[in-house]
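Structure first, then comments.
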Amino acid sequence: MTVFRDFNFKLLVVEKLMYWDETLTPAFSLEEHLRTTKGFTGDLQLHAFDNGLAFTVFDEARDFFERLEIGDELLATVDTLTLDGGHQVYMECAPVWDGEDDLFDVRSLDDLDLLPNLRLIDGGATDMLDVPGKYEIAAARGITLT
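Note that the numbering used here has the sequence shown beginning at 1, numbered continuously upward.
Listed below in structure tokens is the structure:
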């Protein structure tokens, strides 16, 4: 099983494969997951606010994405990652997250080894990629940060 060291880096890969390319299926829906596993029937955003979960990753989402296996063949299809606060995967993890904090910042590029064909990290020049020496690390692997 492929093991990611940085949960937020894995979420970028999931965004690309599950929500953009639709090759990692089925797409995860936190609301549907809570409905089927806990009988949840309310409003997910209100539930987040009412239970102190507004700006955190729901445990159920973290568990799902941490356990999610992504095969080498799918990982090899990733040539571009995009950092953007509006990703669907973030809304499935933290439904009321507003992008104004560092909840989903990538802190490590150790997982680059898992993506042999990655050539571009769009948005990599932003603070969401909070890795010292990120330009040098990327350049040494032939990856462009924009």
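All C-beta atoms, glycine included, are put in the ideal place defined by N, C-alpha and C.
- Which two residues bound the contiguous beta strand (DSSP E) that contains Ile121? As a first step, residue 121 must be located in the sequence shown, where it is residue number 121. Where Ile121 is concerned, the enclosing beta strand (DSSP E) stretches over Leu120 to Asp122.
- Task: Please name the residue or residues paired with Thr56 in a DSSP beta bridge.
- Result: Translated into the one-based positions of the sequence shown, residue 56 becomes position 56. Beta bridge pairing from DSSP links Thr56 with no other residue.
- Can you tell me whether DSSP reads Asp81 as helix, strand or coil? Mapped onto the sequence shown, residue 81 falls at position 81. Per the sequence presented here, residue 81 reads as Leu, with Asp not at that position. Leu81 falls in the strand class under three-state DSSP.
- Over the uninterrupted alpha helix (DSSP H) stretch that includes Asn8, give me the two end residues. The residue labelled residue 8 in the question sits at position 8 within the sequence shown. Asn8 -> alpha helix (DSSP H) spans Phe7 to Val14.
- Task: Pair every Cβ in the segment 94-113 with every Cβ in the segment 45-64, then say whether three or more of these pairs are closer than 8 angstroms.
- Result: Judged by Cβ distances under 8 angstroms, the segment 94-113 makes contact with the segment 45-64, as three or more pairs qualify.
- Message: Can you tell me whether Val106 is helix, strand or coil according to DSSP?
- Response: The sequence position of residue 106 within the sequence shown is 106, counting from 1. Of the three classes helix, strand and coil, the one that applies to Val106 here is strand, per DSSP.
- Query: According to the neighbour-count rule (16 or more other Cβ atoms, all chains shown, within 10 Å of its Cβ), is Met149 buried or exposed?
  - Reply: The requested residue 149 does not occur in the structure, where the chain is confined to residues 1 to 146.
- Item | For Thr144: DSSP bridge partner residues | Within the sequence shown, numbered from 1, the residue matching residue 144 stands at position 144. Looking at the DSSP assignment, Thr144 forms a beta bridge with Leu120.
- Hey, quick one: how far does the alpha helix (DSSP H) through Met128 stretch, first residue to last? Start at 1 with the first residue of the sequence shown, and residue 128 comes out as number 128. Looking at the DSSP string, Met128 is not in any alpha helix (DSSP H), and its letter there is neither H nor E.
- Query: Does the beta-carbon distance from Leu30 to Glu60 come in below 8 angstroms?
  - Reply: Residue 30 sits at position 30 when you count from the first residue of the sequence shown. Residue 60 sits at position 60 when you count from the first residue of the sequence shown. Yes; because the gap between Cβ atoms is below 8 angstroms, this pair is in contact.
- Item | When Leu83, Gly86, Asp79 and Asp105 are compared against Pro116, the one with the closest alpha-carbon | Numbered from 1 along the sequence shown, position 116 holds the residue referred to as residue 116. Among Leu83, Gly86, Asp79 and Asp105, the Cα nearest to that of Pro116 is on Asp79.
- Task: Quick one: give me the first and last residue of the alpha helix (DSSP H) that Pro100 is part of.
- Result: Position 100 of the sequence shown, counting from 1, holds the residue named residue 100. Strictly speaking, residue 100 in this sequence is Glu, with Pro absent from that position. No alpha helix (DSSP H) contains Glu100, which DSSP labels as neither H nor E.
- Based on Cα-Cα distance, which residue from Ala140, Arg62, Ala27 and Met18 lies nearest to Phe104? Reading the sequence shown from its first residue, position 104 is the one you call residue 104. By alpha-carbon distance to Phe104, the top candidate from Ala140, Arg62, Ala27 and Met18 is Arg62.
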